[in-house]
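Below is one structure; the comments refer to it alone.
In the working numbering, the protein residues as written are 15 to 279.
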């Protein structure tokens with residue numbers, strides 16, 4: 015199996031959809047077969063974000079610092095979405111959740127983020143981001159016109175400086191995650207780990223690493239492309255469902271606490 019990054023420039027779909035990856039394999043005859051194609055864009059699954067951030071603010075209201083990680087961050091649209099939502103909707107609480115530690119195994123993706131440029135079909139993406147950020151698009155982006163149908167948006171310092179980007183592979187980098195009071199985005203990359211047992215091994219590592227008051231966040235693409243098996247794998251690795259769909263909390267109950275006593279306390 016191979017995972018390829020594709021810089022698409024832009025297309026007709028909303029939300030700054032400017033980066034795509036595809037998972038390919040080979041047939042018995044050697045022909046290339048595309049198994050999955052996955053795009054990145056701002057505020058993916060838009061209805062998720064308001065519910066999610068409200069939940070985090072309430073859960074961590076008595077915690078002074080929360081560690082937020084975004085693995086498989088791609089072009090930065092996911093961690094940037096979180097930053098925009100927190101700064102615009104929860105300004106008093108946002109500082110404890112920032113900066114976001116964002117990582118991707120693909121150096122090309124991180125290089126793209128550092129350019130801070132995103133293509134946009136005029137009007138559509140601005141409206142979507144305004145909807146999720148209390149009309150704060152212009153707070154976070156400068157629009158640079160380049161034609162009647164397409165323009166560039168440049169990420170401003172307030173947005174860019176609240177995310178720390180680097181190249182890393184979660185399969186080894188998971189050891190750097192703080193065990194307690196951590197939120198770990200692992201959204202929409204599980205189908206890239208094609209083998210069921212390999213996914214389970216990584217989830218077990220995350221389950222062993224994380225402790226009290228820590229969460230994993232998956233995405234709809236993870237469910238769809240794994241035939242809805244990913245939820246059970248997450249639970250088997252030591253997590254439990256929360257009130258927010260796609261969000262799982264480390265289970266530090268008696269059944270799992272004895273596996274990692276030093277973090278579940």
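Quick reminder that beta carbons are idealized off the backbone N, C-alpha and C, glycines included. As the structure is a computational prediction, the values presented were derived from the model and not from experiment.
(Q) Just to confirm the assignment, what range does the beta strand (DSSP E) spanning residue 115 have? (A) 114 to 118
Q) In whole angstroms, what is the alpha-carbon distance linking residue 217 and residue 160? A) 44 Å
**Q.** C-alpha gap between residue 186 and residue 84, whole angstroms
**A.** 15 Å
(Q) Starting from residue 107, trace the alpha helix (DSSP H) in both directions and tell me its first and last residue. (A) It is not in any alpha helix (DSSP H) - residue 107 carries neither H nor E in the DSSP assignment.
Q) Got a sec, what are the start and stop residues for the beta strand (DSSP E) residue 111 sits in? A) Going by DSSP, residue 111 is part of no beta strand (DSSP E) at all; its letter is neither H nor E.
Q | Complete alpha helix (DSSP H) runs within the stretch 127 to 161 (minimum length 4 residues, chain order) | A | 138 to 146, 151 to 154
Q. Excluding the five sequence neighbours on either side, which residues of its own chain have a C-beta within less than 7 Å of the C-beta of residue 177, listed in chain order?
A. 90, 93, 94, 97, 113, 114, 116
Q) Going by Cα to Cα distance, which pick from 214, 170, 221, 209 is closest to residue 193? A) Cα-wise, what sits closest to residue 193 is 221.
(Q) Let's test the definition: count the other Cβ atoms within 10 Å of the Cβ of residue 242 and tell me whether it reaches 16, buried, or not, exposed. (A) exposed
Q) Could you give the residue range of the alpha helix (DSSP H) that holds residue 219? A) 210 to 223
Q: For chain B, find out if any of its Cβ atoms is closer than 8 Å to the Cβ of residue 99; answer yes or no.
A: Of the protein chains in the structure, only one exists, and it is not chain B.
**Q.** residue 264 in three-state terms, based on DSSP
**A.** strand
Q. Which residue's Cα is closest to the Cα of residue 58: 148, 99, 212, 70?
A. 99
Q.
Runs of 4 residues minimum, wholly inside the stretch 58 to 94: which ones carry the alpha helix (DSSP H) assignment?
A. 62 to 73
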